[in-house]
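Q: Residue numbers (our numbering), protein chains in the order written: chain A, 55 to 192; chain B, 550 to 849.
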């Protein structure tokens, strides 16, 4: 897979997972898994993650339109599969955390936010780097 | 002999531990978390303009809520008296009782384990201590002078939607009959209730005493609030014989929390009275009428 294909695949993944996560939160909210205060707190906590992903993605799309770049550089397979796995893993972890509180009430809302912050601190920075390097850099 | 001694020693140790039992770390965390609930309740009821929640003291097996009256000590006594008068106008119970009951319910502790300390900057001028001996509320009020607001009334509108204990008088009926009827009604009424998925209502009557019926019903949904949250209610009835009449004091207090399948943890339950005072009042009125009807119907 060349860099452009990787970028496209990642772009699709980011869109799909972000939309899925948003719908998951909304559906749980509709099913009364969160009250209005909790829903707004959760959305504001999800904001930075979404901003990192979508911000870089839109930057990439913008560049694609203006340059119509066709850089064909071979990328190493292990790197590909690593990035392919990390992004879904990050989203699935957040989704599980939201379900653990909203659907099953295994943890309290405060605990969910605490773990969520921890996950974001662990993943957010690195993911930001990778995504920015792949989609944002020249 | 050795085993007997060991047993006695451990029995002694465990009883000492029980006597001086302290709150666990989880419980202490829960109490700290619940301070916000107390603050929100004071704010929703308009009491935050009179009281400042200074701190919650977590002693061994005792919770003390310190409320500072936000006025000069000269005016504080009058403010307190004015608030009590204005509250009594719309209720058969006292402001002290309301403050204490709400505090105990939010913290989920026994009545004996709670104390509210209301004071002004100089505690020798104004100090009101609310505690409970397990049977009744003890009010230790010390007010040096009543100036300022002492003569003026605090308008009842200042005390917003505070939920009042209602009183009903039933004639020519015995206490035991009323007690039995109320108990039967509540059991029949709530046993068919439950949540939207999976759960049936859980009814706890373990805190019921001779002249006091306490029903704690949890795992409810769409009962008081139509938003579909998990709900739990505490229904308290005090039944007293007065000559040929029976007087029934009762109030309902409740919490709600979000969750799709399982009940929320106790930290995630919020006081209904803060956000849904009208709904709770309507529900209480509805239950009161249903019980009255049930007692009258059984009489015939």
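In this text, a Cβ means the ideal position worked out from N, Cα and C, and glycines have one as well.
Check whether the Cβ atoms of residue 151 (chain A) and residue 175 (chain A) sit closer than 7 Å, and answer yes or no.
A: It is not a contact, given that the beta carbons lie outside the stated cut-off.
Q: If distances are taken between C-alpha atoms only, which option among B:827, B:583 and B:674 comes closest to residue 651 (chain B)?
A: Cα-wise, what sits closest to residue 651 (chain B) is B:583.
Q: Starting from the Cα of residue 733 (chain B), find the closest Cα among B:627, B:601, B:606 and B:762 and give me that residue.
A: Answer by Cα proximity: B:762.
Q: Quick check on residue 128 (chain A) - is its C-beta less than 7 Å from some C-beta in chain B?
A: Model confidence at residue 128 (chain A) stands at a pLDDT of 48, short of 50, so the residue's coordinates are unreliable; what they give is reported in the following sentence. It does not; no Cβ of chain B falls within 7 Å.
Q: I need the boundaries of the alpha helix (DSSP H) containing residue 62 (chain A), first residue and last residue.
A: Residue 62 (chain A) -> alpha helix (DSSP H) spans 57-84.
Q: With contact counted as at least three CB pairs below 8 Å, one residue from each stretch, are the region 829-842 of chain B and the region 601-614 of chain B in contact?
A: Cβ pair count under 8 Å is below three, so no.
Q: Less than 7 Å between the beta carbons of residue 773 (chain B) and residue 739 (chain B), yes or no?
A: Contact flag unset, no.
Q: Give me the chain C residues within the contact set of residue 158 (chain A), using Cβ-Cβ distance strictly less than 7 Å, ordered along the chain.
A: As a matter of chain content, chain C is missing from the structure shown, whose protein chains are A and B.
Q: Counting only the same chain and skipping the five closest in sequence on each side, list residues whose C-beta sits under 6 Å from that of residue 126 (chain A).
A: Low confidence applies to residue 126 (chain A): its pLDDT is 47, below 50, so where it sits in the model is not reliable enough to give any reading.
Q: Sort B:644, B:742 and B:802 by Cα distance to residue 665 (chain B) and report the nearest one.
A: Checking every option, the nearest Cα to that of residue 665 (chain B) belongs to B:644.
Q: Using DSSP with H/G/I as helix, E/B as strand and the rest coil, what is residue 161 (chain A)?
A: Looking at residue 161 (chain A) - three-state DSSP - the assignment turns out to be coil, as it is neither helix nor strand.
Q: So that I know if they touch, is there some Cβ in chain B lying closer than 7 Å to that of residue 95 (chain A)?
A: With 7 Å as the cut-off, residue 95 (chain A) does not count as an interface residue toward chain B.
Q: Contact between the region 146-163 of chain A and the region 88-103 of chain A is defined here as three or more beta-carbon pairs at a separation below 8 Å; is this criterion met?
A: The region 146-163 of chain A is in contact with the region 88-103 of chain A.
Q: Rounded C-beta distance between residue 199 (chain A) and residue 138 (chain A)? I'm assuming under 8 Å.
A: Since the displayed chain A opens at 55 and closes at 192, residue 199 (chain A) lies outside it and no answer follows.
Q: Using the beta-carbon of each residue, which ones in chain A are nearer than 9 Å to residue 777 (chain B)?
A: Correct list: 85 and 86.
Q: Of the choices B:725, B:783, B:682 and B:674, whose alpha-carbon is the least far from that of residue 752 (chain B)?
A: Among B:725, B:783, B:682 and B:674, the Cα nearest to that of residue 752 (chain B) belongs to B:783.
Q: Please identify, using Cβ separations under 7 Å, the residues of the region 164-186 of chain A that lie next to chain B, in order along the chain.
A: So the close ones are 164.
Q: Measuring alpha carbon to alpha carbon, tell me which of B:809, B:727 and B:803 ends up nearest residue 832 (chain B).
A: Here the closest residue by C-alpha is B:803.
Q: Consult DSSP for residue 151 (chain A) and reduce its assignment to one of helix, strand or coil.
A: It is helical.
Q: Can you list, in chain order, the stretches of the beta strand (DSSP E) that have 3 or more residues and sit fully within the region 735-766 of chain B?
A: 751-753, all fully within the region 735-766 of chain B.
Q: I'd like to know whether the C-beta of residue 710 (chain B) is nearer than 7 Å to at least one C-beta of chain A.
A: Reliability fails at residue 710 (chain B), whose pLDDT of 49 lies under 50, so the model's placement of it is uncertain and the value that follows must be treated cautiously. Chain A, which has no Cβ nearer than 7 Å to the Cβ of residue 710 (chain B), makes this no.
Q: Any chance the region 808-819 of chain B sits against the region 741-759 of chain B, with 3 or more Cβ pairs inside 8 Å?
A: A contact exists between the region 808-819 of chain B and the region 741-759 of chain B.
Q: Can a CB atom of chain B be found closer than 7 Å to the CB of residue 162 (chain A)?
A: Chain B, which has a Cβ nearer than 7 Å to the Cβ of residue 162 (chain A), makes this yes.
Q: Mind checking residue 77 (chain A): buried by the 16 CB within 10 Å criterion, or exposed?
A: Label assigned to residue 77 (chain A): exposed.
Q: Roughly how many angstroms separate the alpha carbons of residue 785 (chain B) and residue 764 (chain B), rounded to a whole number?
A: If you take the alpha carbons of residue 785 (chain B) and residue 764 (chain B), they lie about 7 Å apart.
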